[in-house]
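Visitor:
Protein chains in written order, with the numbering used here: chain A, 1 to 440; chain B, 441 to 691.
1. Candidates A:44, A:412, A:265: which alpha carbon is nearest residue 580 of chain B's?
2. Check residue 372 of chain A in the structure and name its three-state DSSP category.
3. Just to make sure I have the definition right: I need the residues of chain B whose C-beta is within less than 8 angstroms of the C-beta of residue 78 of chain A. Which are they?
4. When the Cα atoms are used, what is the spatial distance from residue 561 of chain B to residue 428 of chain A?
5. Can a CB atom of chain A be found closer than 8 angstroms to the CB of residue 451 of chain B?
6. Out of B:553, B:489, B:569, point me to the one whose CA is closest to residue 589 of chain B's CA.
7. Going by DSSP, name the residue or residues bridged to residue 241 of chain A.
8. At least one CB of chain B closer than 8 angstroms to the CB of residue 90 of chain A: is that the case?
9. In terms of residue numbering, what span does the alpha helix (DSSP H) encompassing residue 311 of chain A cover?
10. For residue 145 of chain A, I'd like the list of residues in its chain whose CB is within less than 8 angstroms of its CB, leaving aside the five on either flank, ordered along the chain.
11. Contact criterion: CB-CB distance below 8 angstroms. Does residue 429 of chain A meet it with respect to chain B?
12. Select from the stretch 485 to 506 of chain B all residues with a C-beta closer than 9 angstroms to any C-beta belonging to chain E, and list them in chain order.
13. DSSP three-state call for residue 442 of chain B: helix, strand or coil?
14. Which chain A residues sit within Cβ distance under 7 angstroms of residue 582 of chain B?
15. Assuming the contact rule is C-beta atoms closer than 8 angstroms, residue 396 of chain A and residue 380 of chain A should be a hit. Round their C-beta distance to whole Å, please.
16. I'd like the ranges of any alpha helix (DSSP H) spanning at least 4 consecutive residues and lying wholly in the stretch 444 to 515 of chain B.
17. Using a 10 Å radius around the Cβ and a threshold of 16 neighbouring Cβ atoms, would you call residue 443 of chain B buried or exposed?
18. Show which residues of chain A have a CB atom less than 8 angstroms away from the CB atom of residue 658 of chain B.
19. For the alpha helix (DSSP H) holding residue 231 of chain A, just list the boundary residues, first then last.
20. Who are the neighbours of residue 204 of chain A on chain B, taking C-beta pairs under 7 angstroms?
21. Pull up the CB-CB distance for residue 546 of chain B and residue 447 of chain B, whole angstroms please, since I reckon it's below 8 angstroms.
22. Taking CB distances under 8 angstroms as the criterion, tell me whether residue 606 of chain B reaches chain A.
23. In chain A, which residues lie with their C-beta within 8 angstroms of the C-beta of residue 655 of chain B?
24. Beta-carbon of residue 558 of chain B versus every beta-carbon of chain A: anything under 8 angstroms?
25. Given a threshold of 16 other Cβ atoms within 10 Å of its Cβ, counted over all protein chains shown, does residue 594 of chain B qualify as buried or as exposed?
26. On a Cα-Cα basis, can you pick out the residue from A:248, A:31, A:366, A:371 that is closest to residue 415 of chain A?
27. Within this structure, are the beta carbons of residue 453 of chain B and residue 485 of chain B separated by less than 8 angstroms?
28. Taking C-beta pairs closer than 7 angstroms, name the residues in chain B that residue 442 of chain A reaches, listed in chain order.
29. Using C-beta distances below 6 angstroms, list every residue in its chain close to residue 238 of chain A, excluding the 5 sequence neighbours before and after it, in chain order.
30. Does the stretch 112 to 128 of chain A come into contact with the stretch 151 to 171 of chain A, if we say contact requires no fewer than three beta-carbon pairs (one atom in each stretch) closer than 8 angstroms?
31. Roughly how many angstroms separate the alpha carbons of residue 126 of chain A and residue 90 of chain A, rounded to a whole number?
32. Within 10 angstroms of the Cβ of residue 647 of chain B, are there 16 or more other Cβ atoms? Answer buried if so, exposed if not.
33. Can you confirm whether the stretch 129 to 138 of chain A touches the stretch 61 to 70 of chain A when touching is taken to mean that 3 or more C-beta pairs between the two stretches lie within less than 8 angstroms?
34. Give, in chain order, every unbroken run of the alpha helix (DSSP H) that is at least 4 residues long and sits entirely within the stretch 565 to 606 of chain B.
35. Anyone know if the C-beta pair for residue 267 of chain A and residue 257 of chain A falls short of 8 angstroms?
36. For a test of the three-state rule: what should DSSP assign to residue 400 of chain A, helix, strand or coil?
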């Protein structure tokens, strides 16, 4: 695997440098943060190829670090249909199913892209790239490791192999160490925030989450994800694991109340019971559109000085974990103004806002996304030390095996392969939670 | 019943509302502003929606209609009566105002669900699917349709649900059911809640607009790659625009 992709690979210290390099390669296609009406119509006019700005790199296939951002149609089937259609060849009717099966997304062909997990979205983006590469000049892939679990990495290998065989250029941009599968060791910048155990319990009772699995919910069958009842005794940090598409993020969203559902969930920590708070990708995506001062302000009824204080504590703990001023901290740790435009600080601010709510638990969904291995380990370590100091348990959701050596408890999440008719109508699949390590 | 029949039925039903026939079909009125014609028409429309789209869709359409109608009618009536009160109360004006708002209420609770049903009955996702299956390629007008559908679907099925999830998680809106307990220290006063709600609405507005149009360059590029219609002779070289030979092997 490493040998296959290594020749195409460029490593970067941080998210900002990698994004800049990525934009350099496929700039004109990427989503804009903002645009006026004139730009809107100019972009819209590209449908008919009237725009002369479409230039040299128009024949690139690309996968962004947030893979949803490179899929232009509503469902995986439509994405693959458009990719096959764009090759200008006639394909047999079952070819889409064949491609989807090869990339492990045959069961998700008619789901809206939004309902796919991060890993499934990367699989689809790879399948699309693989199909359309024949008529394109090159492919650019940005950080696929954040979402793709280790046992699915052969799919990336497959695309790289195909590029080599067909003589196409492949640019693989990644962050330092993000595909390193070694658990955290003594050489990594991990503080030991585990002086006192933070125990907590997670309860799920008759949870049933309605899902919109079709594009027209008004006329479609209802579909639910049912979570099996569970009462788990856990110790922070707790790591939630499971393969792509098993429902890890769905469970986290239910615990945090980000989704409407029936039944009840609760997290009971040392400071009492309550709901969890969750930092997930959609929050980060929206945060990238907001100003830093808006982020750090928090919500109604929250104390801004308390949020700023927590934010500074996280940054200081981060610097301590790095053994001094970290190299990816522009201007040094005491120059927050200079540092407030990087992803790590945005994450620190979002965590600070959530910790200020004194939640039942803090859940970080893919906390390593957009960070190099060293930066991610130092960041999570800093968050753990600050959260544990206020007796808040932390739950990590990650594909990375890094956290195994520092986790004090774990939950394995898996979903039933089959979808069954629900007793009250509609369809249902079941998600189960199993403790992975010894109970406290 | 296939969707074309359903759509035809609903669109036929819309004719009385848009031509004004409904108000004059049956003489007499139950209340000032609520003629028997409109009441009968409203009953038929609601029955047809429930029959054609099912009770779940009917409930949803009715809820949306009420959510729009009640603030408009109640706020309008309060303002009108306040103006009447200040300018001198007269029984005739009072009757006219009551009739106006009763009629407005009846019209809105009839027309809004009907309009929603007329759109909902069209299987837009199938249209997108259908256009991508064309063996002869896609015409320019069809590419524009694909783009418009993409923007519409993205807003309804991606932007709004994402924003709702984020504001739920951020605790700006009260969590209904499911989650036991709440954030400690976050017992907000009504003023704080209102302030938070206003602030949230501004954010939602700005973020919804940004998120809705930010992918236009990507979509335009992907849609433009679809081969043009052979019949119209458009974009014959689209598929192999890099000038490379067509592939020989299956992917």
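Even for Gly, the Cβ is constructed at its ideal location relative to N, Cα and C.
Guide: Reading it off the structure:
1. The residue with the shortest Cα to Cα distance from residue 580 of chain B is A:44.
2. coil
3. Listed along chain B, the residues sitting closer than 8 angstroms to residue 78 of chain A by beta-carbon distance are 568, 569, 572.
4. 25 angstroms
5. no
6. B:569
7. A:412, per the DSSP bridge assignment.
8. Interface flag for residue 90 of chain A against chain B is set, since a Cβ pair is found closer than 8 angstroms.
9. Segment 304 to 321, the alpha helix (DSSP H) holding residue 311 of chain A.
10. 153, 174, 178, 179
11. no
12. The displayed structure is made up of protein chains A and B, and chain E is not among them.
13. Looking at residue 442 of chain B - three-state DSSP - the assignment turns out to be coil, as it is neither helix nor strand.
14. Going along chain A, no residue has its Cβ under 7 angstroms from residue 582 of chain B, so there is no contact; the nearest lies around 10 angstroms.
15. 7 angstroms
16. Segments of the alpha helix (DSSP H) lying fully in the stretch 444 to 515 of chain B: 461 to 464, 476 to 493.
17. exposed
18. Neighbours of residue 658 of chain B on chain A, chain order: 29, 30, 31, 69, 70, 72.
19. No alpha helix (DSSP H) contains residue 231 of chain A, which is instead part of the beta strand (DSSP E) from 230 to 236.
20. In chain order: nothing, as chain B lies at least about 10 angstroms away.
21. Contact doesn't hold; Cβ gap of about 25 angstroms is too wide.
22. yes
23. 31, 69, 72
24. no
25. It is buried - the Cβ of residue 594 of chain B has at least 16 other Cβ atoms within 10 Å.
26. A:248
27. yes
28. Not covered by the structure: residue 442 of chain A. The range shown for chain A is 1 to 440.
29. 395, 409
30. yes
31. The straight-line gap from Cα to Cα measures roughly 21 angstroms.
32. buried
33. By the Cβ rule, the stretch 61 to 70 of chain A counts as touching the stretch 129 to 138 of chain A, because three or more pairs are nearer than 8 angstroms.
34. Counting only runs of 4 or more residues that sit fully inside the stretch 565 to 606 of chain B, the alpha helix (DSSP H) segments are 580 to 594, in chain order.
35. no
36. coil
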